[in-house]
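Residue numbers (this note's numbering): 1037 to 1216. The next block holds one structure in the form of structure tokens; read it before the comments.
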Amino acid sequence: MKINLGKREKTLISVVAVVVIIFLMERFVITPFWEKIETIRIQIQADKEKLERLRYLNSQKDCISEAFKKLEPYIEVGSLGDASIPIIMKKIEEMAKECDINLQKMKPDATEAKSGVDYNIKKLTLSVDGSTENIIKFLYQLEGSAYPLRVNKMDFKVKDRETNLMTADFDVYFIYFGKK
1037 MKINLGKREK TLISVVAVVV IIFLMERFVI TPFWEKIETI RIQIQADKEK LERLRYLNSQ
1097 KDCISEAFKK LEPYIEVGSL GDASIPIIMK KIEEMAKECD INLQKMKPDA TEAKSGVDYN
1157 IKKLTLSVDG STENIIKFLY QLEGSAYPLR VNKMDFKVKD RETNLMTADF DVYFIYFGKK
């Protein structure tokens, strides 16, 4: 069976065949190829961002290591738990000597232990006497200490106005990390 087709019909069939072939190639070859390229491009972009974050962290590594080295002794002191209280008391005594004031009383308050998620707070009650300047210097040293100390509830009483002597009672809170 032979079908006689005219030139127009042959051209039309050829054009339709080419369009169908192009459609099938676009649908089954080109589109999956472009989708794969787009997926790879998105993955490359995500990897670039991840690499940039890692470079930033790497650049901060030295700074973080240096900060940790400064804090490490205090974290170690805090990891001793309640055994760290005598160490802190000794440091406070050294600061008092350095500031030329007399420690009248220093005792840990066992009832005032507060706990947080990763830390504990212990309270030390201090009673000191000395000159106003020395007591203020001592308070400044306590607050500025590298140890995690915080002064609270201060009570000052003048002992002698002529010699500028006074007594001070205050609570010092020691924050330590580690064992509970």
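Glycine is no exception: its CB is placed at the ideal position from the N, C-alpha and C atoms. No experiment lies behind these values; they were computed from the predicted model shown.
Residue environment: residue 1206 is assigned as buried (16 or more neighbouring CB atoms within 10 Å of its CB, all protein chains considered). Remark: C-beta atoms of residue 1155 and residue 1188 do not approach each other more closely than 8 angstroms. With a threshold of 16 other beta carbon atoms within 10 Å, residue 1204 meets it and is buried.
For residue 1158, the enclosing beta strand (DSSP E) starts and ends at 1155-1167.
Fewer than three pairs of CB atoms, one per stretch, sit closer than 8 angstroms, so the stretch 1137-1144 makes no contact with the stretch 1179-1194. Contact between residue 1202 and residue 1165 holds: their C-beta atoms lie close to 7 angstroms from each other, under 8 angstroms.
Within its own chain, no residue has a Cβ closer than 7 angstroms to the Cβ of residue 1067 once the five positions on either side in sequence are excluded. A straight-line Cα-Cα distance of about 30 angstroms links residue 1070 and residue 1090. Annotation for residue 1125: 1142, 1144 and 1160 place their beta carbon closer than 8 angstroms to its own, counting only its chain and skipping 5 residues before and after. The three-state secondary structure of residue 1078, taken from DSSP, is helix. In this chain, the beta strand (DSSP E) harbouring residue 1186 covers 1185-1196. For residue 1067, the secondary structure class from DSSP, reduced to helix, strand or coil, is helix.
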